[in-house]
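Numbering (the working numbering), first residue to last: 139 to 432. We put the beta carbon where it would ideally sit given N, CA and C, even for glycine.
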Amino acid sequence: MKKFKNSKITLFIVFLLPTCLVFSTFILYPIFSTFINSFFDWSGLSANKTFIGLTNYINLFQDSSFKATLVNNLYVIITSVLFQIPLGLVLALVIVKNNVRNKLLSIIYFLPYLLSTMAVGLVWTLFYDPYFGVVNNALKWIGVENWQITWLADPKTALIAVLIVVVWFYAPFYMVILRAALVGVPKSLYEAADIDGASKTQQFFKITLPTIKPTLVTSSILSIVGSLKSFDIFYIMTNGGPGTSAELVGTYMYKQAFVNYKMGYASSIAFVMFLITLLVSVFVKTFNRRRGQA
Numbered sequence: 139m140k141k142f143k144n145s146k147i148t149l150f151i152v153f154l155l156p157t158c159l160v161f162s163t164f165i166l167y168p169i170f171s172t173f174i175n176s177f178f179d180w181s182g183l184s185a186n187k188t189f190i191g192l193t194n195y196i197n198l199f200q201d202s203s204f205k206a207t208l209v210n211n212l213y214v215i216i217t218s219v220l221f222q223i224p225l226g227l228v229l230a231l232v233i234v235k236n237n238v239r240n241k242l243l244s245i246i247y248f249l250p251y252l253l254s255t256m257a258v259g260l261v262w263t264l265f266y267d268p269y270f271g272v273v274n275n276a277l278k279w280i281g282v283e284n285w286q287i288t289w290l291a292d293p294k295t296a297l298i299a300v301l302i303v304v305v306w307f308y309a310p311f312y313m314v315i316l317r318a319a320l321v322g323v324p325k326s327l328y329e330a331a332d333i334d335g336a337s338k339t340q341q342f343f344k345i346t347l348p349t350i351k352p353t354l355v356t357s358s359i360l361s362i363v364g365s366l367k368s369f370d371i372f373y374i375m376t377n378g379g380p381g382t383s384a385e386l387v388g389t390y391m392y393k394q395a396f397v398n399y400k401m402g403y404a405s406s407i408a409f410v411m412f413l414i415t416l417l418v419s420v421f422v423k424t425f426n427r428r429r430g431q432a
């Protein structure tokens, strides 16, 4: 019996070891390495590093540009949670029934998410072109020429313009997740509600939303974490500008590392972003668990 138990433990370790090795190599080691590098003045171009202690972190929290990126990331989070997920839910409700029409619609809705972010950024940059772009020409066509502006060159609208693209691009991802959750809602609940005379609106708020709540929470965490790590579309469309109007933590970190060659300072930004992401994820999970127990 003891021999069988030991062999079972050995087999468990053998199967678990490759996963642990990959996780340690590609997750734990980069986090640890980033944390260590944040205590050095290092260009990233040579092996010479100068230990400066907490100087990078002190400078970081005194950096007005970094504070601006945090505010911009907060706008991205709010937009993602309040628009991406609800839009994904609406699309999921539209295609929840399994028929030919909805299969076609699901393909059409999901197409944006299949495109590369590079292509999406470049195409939408052309759409926002102040002279030849689709957006301003459409505004001219419907007779509101005074609404024509330089969308990506105006500090007041640059972030909003990119956020519209982000919502359009990522909403289909949440559509797929939420549709799977909607399909899993027992039909017997709706049948019982119909017998009791509940309206479709009442069924949605009393049956659908409570049942798919775990999926909504998971989607919210994914949305928040993804928003904190946003980089590609913002960098392609605006390069963080004009000024810091569309600068995010990710784009600012990239510039510090590969434009200004301050790898130690960029490492401190990366580690702070990791801590914020971790704390927000834990807070959302804990808050939801306590609400579920209340």
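Report task. Evaluate residue 211 with the Cβ neighbour count: other Cβ atoms within 10 Å of its Cβ, from every protein chain shown; 16 or more gives buried, anything less gives exposed. Result -> Residue mapping note: residue 211 aligns to position 73 of the sequence shown, counting from 1. Counting Cβ neighbours within 10 Å, residue 211 comes out buried, since at least 16 surround it.
Query raised in the report: Should residue 400 go down as buried or exposed, given a rule of 16 or more other Cβ atoms within 10 Å for buried?
Result: On the sequence shown, residue 400 is found 262 positions in, with the first residue counted as 1. Classification for residue 400: buried.
**Report entry** Three-state secondary structure (DSSP) of residue 295
**Finding:** Counted from its first residue, the sequence shown places residue 295 at position 157. Looking at residue 295 - three-state DSSP - the assignment turns out to be coil, as it is neither helix nor strand.
Query raised in the report: Hey, residue 419 and residue 223: beta-carbon distance below 8 Å or not?
Result: Here residue 419 refers to the residue found at position 281 when the sequence shown is read from its first residue. Here residue 223 refers to the residue found at position 85 when the sequence shown is read from its first residue. In this structure, residue 223 does not lie closer than 8 Å to residue 419 by Cβ.
Query raised in the report: Is it true that the CB of residue 208 sits closer than 8 Å to the CB of residue 397?
Result: Taking the sequence shown and counting its residues from 1, the one referred to as residue 397 is at position 259. Taking the sequence shown and counting its residues from 1, the one referred to as residue 208 is at position 70. Cβ atoms of residue 397 and residue 208: not closer than 8 Å.
Query - Unbroken stretches of the alpha helix (DSSP H), 4 residues or longer, contained in the stretch 344-391 - result: 351-366, 370-376
Report task. Find out if the Cβ-Cβ distance for the pair residue 189, residue 178 is shorter than 8 Å. Result -> In the sequence shown, residue 189 corresponds to position 51, counting from 1. In the sequence shown, residue 178 corresponds to position 40, counting from 1. Yes, these two residues count as a Cβ contact at 8 Å.
Requested in this report: To the nearest angstrom, report how far apart residue 366 and residue 234 are at their CA atoms.
Outcome: Position 228 of the sequence shown, counted from the first residue, corresponds to residue 366. Position 96 of the sequence shown, counted from the first residue, corresponds to residue 234. The straight-line gap from Cα to Cα measures roughly 30 Å.
Query raised in the report: So what does DSSP say about residue 179, is it helix, strand or coil?
Result: Walking along the sequence shown from the start, residue 179 turns up at place 41. Strand.
Requested in this report: Might you give, ordered along the chain, the residues of its own chain that have their beta carbon closer than 7 Å to the beta carbon of residue 182, omitting 5 neighbours on each side?
Outcome: The residue labelled residue 182 in the question sits at position 44 within the sequence shown. Within the same chain, residue 182 has close Cβ partners 395, 399, 401.
Requested in this report: Would you decide whether residue 313 is buried or exposed? Buried here means 16 or more other CB atoms lie within 10 Å of its CB.
Outcome: The residue labelled residue 313 in the question sits at position 175 within the sequence shown. Residue 313 comes out buried.
Query raised in the report: So is residue 391 buried or exposed if we call it buried at 16+ other beta carbons inside 10 Å?
Result: Here residue 391 refers to the residue found at position 253 of the sequence shown. Counting Cβ neighbours within 10 Å, residue 391 comes out buried, since at least 16 surround it.
Report task. Measure the C-alpha to C-alpha separation of residue 236 and residue 192 and round it to an integer number of angstroms. Result -> Residue mapping note: residue 236 aligns to position 98 of the sequence shown, counting from 1. Residue mapping note: residue 192 aligns to position 54 of the sequence shown, counting from 1. So the two alpha carbons sit approximately 57 Å from each other.
**Report entry** 8 Å contact criterion, which residue 266 and residue 289 should meet: CB distance rounded
**Finding:** Numbered from 1 along the sequence shown, position 128 holds the residue referred to as residue 266. Numbered from 1 along the sequence shown, position 151 holds the residue referred to as residue 289. Sure, about 4 Å apart at Cβ, within 8 Å.
Query - Span of the alpha helix (DSSP H), counted from its first residue to its last, around residue 278 - result: Residue 278 sits at position 140 when you count from the first residue of the sequence shown. Unbroken alpha helix (DSSP H) run through residue 278: 272-279.
Report task. Could you please give me the residues that DSSP links to residue 188 through a beta bridge? Result -> As a first step, residue 188 is located in the sequence shown; it is residue number 50 there, counting from the start. Residue 188 pairs with 179.
Report task. Note the first and the last residue of the continuous alpha helix (DSSP H) segment covering residue 332. Result -> Position 194 of the sequence shown, counted from the first residue, corresponds to residue 332. Its alpha helix (DSSP H) spans residues 325-333.
**Report entry** 7 Å CB neighbourhood of residue 315 in its chain, flanking five on each side removed
**Finding:** Mapped onto the sequence shown, residue 315 falls at position 177. Excluding positions up to five away in sequence, the list reads 353, 357.
**Report entry** Alpha carbon of residue 213 to alpha carbon of residue 389, nearest angstrom
**Finding:** Numbered from its first residue, the sequence shown carries residue 213 at position 75. Numbered from its first residue, the sequence shown carries residue 389 at position 251. Using only the alpha carbons, I get a separation of about 15 Å.
Query raised in the report: Would the stretch 250-261 and the stretch 374-383 be scored as touching if the rule is three or more Cβ pairs under 8 Å?
Result: These segments touch.
Query raised in the report: Between which two residues does the alpha helix (DSSP H) carrying residue 249 extend?
Result: One-based indexing of the sequence shown puts residue 249 at position 111. It spans 238-252 - the alpha helix (DSSP H) in which residue 249 sits, taken as one unbroken run.
Query raised in the report: Regarding residue 427 and the ligand FAD, is the C-beta to nearest heavy atom distance less than 7 Å?
Result: Of the ligands one can find in the structure shown there are none, so the ligand FAD has no counterpart to examine.
Query raised in the report: Which same chain residues, not among the five before or five after residue 263, have their C-beta less than 8 Å away from its C-beta?
Result: Numbered from its first residue, the sequence shown carries residue 263 at position 125. Within the same chain, residue 263 has close Cβ partners 290, 374, 375.
Requested in this report: Starting from the C-beta of residue 194, find all residues in its chain whose C-beta is less than 6 Å away, skip the five residues before and the five after it, and write them out in chain order.
Outcome: Position 56 of the sequence shown, counted from the start, is the residue given in the question as residue 194. So the list reads 176, 402, 403, 406, once near-sequence residues are dropped.
Query - Proximity winner among 336, 381, 408, relative to residue 297 (alpha-carbon distances) - result: Position 159 of the sequence shown, counting from 1, holds the residue named residue 297. For residue 297, the nearest C-alpha among the options comes from 381.
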